[in-house]
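Q: Everything in the sequence shown is counted per this note's numbering, starting at 66 for the first residue and increasing by one.
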Amino acid sequence: MTALQQAADTASAAAFARAQQVIPGGVNSPVRAFRSVGGTPRFIARAQGPYLYDLDGHELVDLICSWGPMLLGHAHPEVIGAVTAAAQHGTSYGAPTTAEVDLAAAIVERTPVEMVRLVNSGTEATMSVLRLARGITGRDKIVKFAGCYHGHVDALLASAGSGVATLAIPGTPGVTEATTADTIVVEYNDRAAVREAFATYGDQIACLISEAACGNMGVVPPGEEDGVGFNRFLADLCHEHGALFISDEVMTGFRVTASGQFGIDGVEPDLMTFGKVMGGGFPAAAFGGRAELMHSLAPVGGVYQAGTLSGNPVATAAGLTTLRLATPEVYAHVDRAAALLQREVAAALSAAGVPHVIQAAGNLFSVFFVGEDVDAVADYATASTQVTTRYAAFFHSMLDSGVYLPPSAYEGWFLSSAHDDAALDRVVSALPAAAAAAAG
Ligand code: PLP
C-alpha cells in the first residue's frame, strides 16, 4: 500500500472529503490544501506548546506556528487565561475599551509609529494603509515588489509583466485591469528597477509598499549595497519624490525582534502594517504611522476606515498578553532555535548532496531548493527557479517523522519559545531521511 493509499483511510482524509463538499478545496486559505506538495492535509484537533495533534492522534512538531502568530507556542496558559477572562466580560461591544488603548500603546512603544488604528487582518491593514496613503498624497499609483504578499487586497494581487518597472497585470481572475492599472510591480532588491519606476511615474506615486523583509517568496532579506540597506534606499527614494514609504511588518513585526525588521535595520517608514503576533492567535492587526499622517483618518480627517469587530476585546486580550510575555528571553530562545535548525538543515542537505540556499531575516528562515549555480536568492525570479519536487519529497518525509513544515517551498519556517530541546531534537533527527528523500 502506498503512503497516499494509507492516507485515504485516515480521519484527516475523511474530514477533508467532507470539507470539500462544503468549502471550496476543503480549506479556508489555499496553501492549507497541500496542493503544491501533494497528499492529504492534516486536520488539527488541538495544539499545545510546540505541537499540533491531528485527528488521527499524531503529534507533530509545528514549524508553521499559524504562519507566524504563535510566538509563545500554542495554548500558552497566560494567554488562554487572559482570553477566558476577557470573554467572560462579553465578546464584543462596538464601543471603545481601555484594553484597545493598551494594545495600541504597546505597539507604539515597540515601533517607530506614533499612532495605530486596529483592524482584523493583515489584509485589512494593507488595504486601509493604501487608501490612507492615496488620500494623504492625492496621488493614485502604488509600487510593490514581485513576490511580496500583502494579503488578498485587489490592487496588490498583481504580478510584473517583465523584469523591470511595468504596469501590473492582475494576478488572479476577478481582479480587474482597472484595479491594478495604478499598481507598478518591480523585482525585489532591484534598485535600478525601482529608480526607473520613480523616474517614469514619480509625481503620480502615492506610496511604495514592501515587506520589511520578504517572507512570502521564501525568506529574502533586504540587500545591502555600498553600505546602504534596501529599506533605507526605498525610504530615501520615496521621499525625494514626495511619496510615502510603507513597511509591511505583518509577518516580521514582534517576531524577528521585539519590534520586527525595524529592530534589525532601524529604517523609519512613514506608515507600517502589523498583524500575526500582535493578535496572539486571534484576528487582530493594525496600521500606523506619524500622528500627522494618521490624523487624516476618520473621524479626525476625511479618509474613511472602520470595522464592526476592530479592537475586539478577546483578540485584544490575546495580543496584549502575547506582547507582554514576549521578553528578551523569548527572542533569544527563538533566535538560538532558528540558528540551530539552519545549521542542521544545511548539514543534512549537504551530506545528501542536495543543492540548497538557506536565508534568514532574524529568526525567520527558509530553505530554497535551487540549483547548484545559485548561491543567494535576492528576488522572486530567482526564488521561482526552485526544484519544488525536491521540497515536496522533503516535506512528506518530515511529516512522516512527525514534523509539520509549511506545505509550500515559498514559505518561511516559524519557531516559538515553546520549541524546547525535545521538539528540536525530533526535527533534527528527521532531517537525514528527508534530505535523502529530497536527493531522491
Ligand atoms: N502582509 C504580509 C507580509 C503577510 O505575510 C500577510 C499574510 O501572510 C498579510 C499581509 C495578510 O495578512 P492576513 O492573512 O492576516 O490577511
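All residues carry an ideal CB built from backbone N, CA and C; glycine is no exception.
Touch check for the segment 269–278 and the segment 307–320: three-plus C-beta pairs under 8 angstroms?
A: Cβ pair count under 8 angstroms is three or more, so yes.
Q: Exposed or buried, what is residue 153 when buried is set at 16 or more other beta-carbons lying within 10 Å of its beta-carbon?
A: Looking at its Cβ environment, which holds fewer than 16 other Cβ atoms inside 10 Å, residue 153 is exposed.
Q: Looking only at its own chain, which residues have a Cβ that is under 7 angstroms from the Cβ of residue 80, when we skip the five neighbours before and after it?
A: Cβ neighbours of residue 80 beyond the five flanking positions: 108 and 120.
Q: Would you kindly report the start and end of the unbroken alpha helix (DSSP H) that includes residue 303?
A: Here the alpha helix (DSSP H) through residue 303 covers 295–305.
Q: Could you spell out the range, first to last residue, of the beta strand (DSSP E) harbouring residue 309?
A: 309–313 is the extent of the beta strand (DSSP E) around residue 309.
Q: Run through the DSSP bridge pairs and tell me what residue 355 is partnered with.
A: Answer by DSSP bridge pairing: none, since residue 355 is not bridged.
Q: Since residue 370 is in the beta strand (DSSP E), which residue starts that stretch and which ends it?
A: Per DSSP, residue 370 belongs to no beta strand (DSSP E) and is neither H nor E.
Q: Just to confirm my understanding: we take residue 230, look at its own chain, exclude 5 residues before and 5 after, and list those with CB closer than 7 angstroms. What are they?
A: Residue confidence is low: residue 230 scores 46 on pLDDT, short of 50, so the model does not pin down where it sits. Its coordinate-derived value is still stated next. Around residue 230: 249, 251, 258, 261, 262 and 265.
Q: Got a sec, what are the start and stop residues for the beta strand (DSSP E) residue 193 sits in?
A: It is not in any beta strand (DSSP E) - residue 193 instead sits in the alpha helix (DSSP H) that spans 187–202.
Q: With C-beta atoms as the reference, is residue 176 less than 8 angstroms away from residue 361?
A: No. Outside cutoff.
Q: List in chain order: all unbroken alpha helix (DSSP H) runs of 4+ residues lying wholly within the segment 236–290.
A: Runs found: 242–245 and 256–266.
Q: For residue 133, which of helix, strand or coil comes out of DSSP?
A: Three-state DSSP puts residue 133 in coil, outside helix and strand.
Q: Please list, in chain order, all residues of the same chain as residue 499 whose beta carbon is under 6 angstroms from its beta carbon, the five residues on each side excluded.
A: Closer than 6 angstroms at Cβ, skipping near neighbours: 459, 462 and 463.
Q: Give me whichever residues DSSP pairs with residue 118 in a beta bridge.
A: Answer is 111 and 124, bridged to residue 118.
Q: Look at the alpha carbon of residue 278 and the alpha carbon of residue 467, and state the distance between them as a whole number of angstroms.
A: Approximately 29 angstroms, taken between the alpha carbons.
Q: So, helix, strand or coil for residue 423, using DSSP?
A: Three-state DSSP puts residue 423 in a strand.
Q: Give me the residue from 408, 439, 437 and 454 with the minimum Cα distance to residue 492.
A: Residue 408 is the option with its Cα nearest to residue 492.
Q: Short check: CB of residue 292 to CB of residue 443, under 8 angstroms?
A: In this structure, residue 443 does not lie closer than 8 angstroms to residue 292 by Cβ.
Q: Between which two residues does the alpha helix (DSSP H) holding residue 182 run?
A: No alpha helix (DSSP H) contains residue 182, which is instead part of the beta strand (DSSP E) from 180–184.
Q: Which residues in the same chain have their Cβ closer than 6 angstroms to the Cβ of residue 332, if we skip the five residues on either side of it in sequence?
A: Counting only Cβ-Cβ distances below 6 angstroms, and skipping sequence neighbours, we find 296, 297 and 300.
Q: Using the rule of at least 16 other Cβ atoms within 10 Å of the residue's Cβ for burial, across every protein chain shown, is residue 254 buried or exposed?
A: Residue 254 should be labelled buried.
Q: State the DSSP-derived secondary structure class of residue 228, mapped to helix, strand or coil.
A: Legend: pLDDT at residue 228 = 38, less than 50; position of this residue unreliable, no value from coordinates given.
Q: With a threshold of 7 angstroms (Cβ to nearest heavy atom), would residue 276 be considered close to ligand 1?
A: Answer for residue 276: yes, Cβ within range of ligand 1.
Q: What I want to know is whether the C-beta of residue 191 ends up closer than 7 angstroms to one or more non-hydrogen atoms of ligand 1.
A: Yes, the Cβ of residue 191 comes within 7 angstroms of a heavy atom of ligand 1.
Q: In angstroms, rounded to a whole number, what distance separates the CA positions of residue 207 and residue 367?
A: About 20 angstroms.
Q: Would the C-beta of residue 478 count as close to ligand 1, meaning under 7 angstroms from any of its heavy atoms?
A: Checking the Cβ of residue 478 against ligand 1 gives no.
Q: Any idea if residue 88 is buried or exposed, counting beta-carbon neighbours within 10 angstroms, 16 or more meaning buried?
A: Flag for residue 88 reads exposed.
Q: List the residues that DSSP assigns as beta-bridge partners of residue 341.
A: Note: residue 341 sits in no beta bridge, so no partner.
Q: With a threshold of 7 angstroms, establish whether the CB of residue 262 neighbours any heavy atom of ligand 2.
A: This structure lacks ligand 2; its bound ligands are ligand 1.
Q: Are there 16 or more other CB atoms within 10 angstroms of the CB of residue 138, so buried, or fewer, so exposed?
A: Per the 10 Å Cβ criterion, buried.
Q: Anyone know if the C-beta pair for residue 184 and residue 352 falls short of 8 angstroms?
A: Yes.
Q: Where the beta carbon is closer than 5 angstroms to any heavy atom of ligand 1, which residues qualify, in chain order?
A: Result (chain order): 186, 187, 188, 215, 216, 276, 313, 315, 316 and 340.
Q: Using the Cα positions of residue 283 and residue 129, report the straight-line distance between them to the nearest angstrom.
A: If you take the alpha carbons of residue 283 and residue 129, they lie about 13 angstroms apart.
Q: Among 149, 135 and 359, whose alpha-carbon lies nearest the alpha-carbon of residue 335?
A: Checked all of 149, 135 and 359; the closest Cα to residue 335 is 359.
Q: May I have the straight-line CA-CA distance separating residue 118 from residue 380, to the nearest angstrom?
A: Approximately 24 angstroms between the Cα atoms of the pair.
Q: Would you list the one or two residues that DSSP bridges to residue 469?
A: In DSSP, residue 469 forms a bridge with 127.
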